[in-house]
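Using my numbering, the letters of the sequence shown map in sequence onto residues 599 to 743.
Even glycine gets a Cβ: it sits at the ideal position worked out from N, Cα and C.
Heads up: the structure comes next, in structure tokens.
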Amino acid sequence: MAQEPVEVNEIEETEETVEGSPRQESRQEQAAPQQRNRRPYQPNRGQGGGQDDEDQEGGRGGRRPMRFQPRRRVCIFCADKTKVIDWKRADMLRRFVGDSGEIYPRRKSGLCAKHQRRVAVAIKRARHLALLPFTSEHIRVMSKS
């Protein structure tokens, strides 16, 4: 492995090209995009999870595709236009009160926001008139003992 003798003029030229020449800047500009391996842009890839549909077929993990969409619950008061939310109808209001006396939230009762507010007001009025209990029966019995 004998090295070829290098002339002094060639060394000076290489030093000049390394120090701030346009050739060096272009190399840095070319290296910058290559530092990151970016995925190509794919619009609307779906809901999170980090897996594509192709990954769902076999292997570990992954979610099963849903066979059917769960039915959207419709507010019973919106579906039946004739129903009136009245504090005197305690039997109807009991459906929206839990065993311990709490008013069910919208996600459990299935009501729309407007009717949930009206049911809550009707339940509170019925409680003040002793048509509905504030607490459940077993809690009241335990506190008397």
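Nearest to Ala688 (by Cα), restricted to the options Asn635, Arg661, Val672 and Val719: Val719
Check whether the Cβ atoms of Leu691 and Ala724 lie closer than 7 Å to each other. yes
Can you pull the DSSP bridge partners for Val695? Ile701
For Gly708, I'd like the list of residues in its chain whose CB is within less than 6 Å of its CB, leaving aside the five on either flank, ordered along the chain. Arg671
What's the C-alpha gap between Phe675 and Asp697? In a straight line, the C-alpha of Phe675 is about 22 Å away from that of Asp697.
For Ile701, collect the residues of the same chain with a Cβ closer than 7 Å to its Cβ; drop the 5 residues on either side in sequence, then sort them by chain order. Phe694, Val695, Ala718 and Ile721
Could you give the C-beta distance for Arg705 and Gln714, rounded to a whole number, given that I count them as a contact under 8 Å? Rounded, the Cβ-Cβ distance is 10 Å, inconsistent with contact.
Grab the span of the alpha helix (DSSP H) containing Phe675 for me, first residue to last. Ile674 to Ala677
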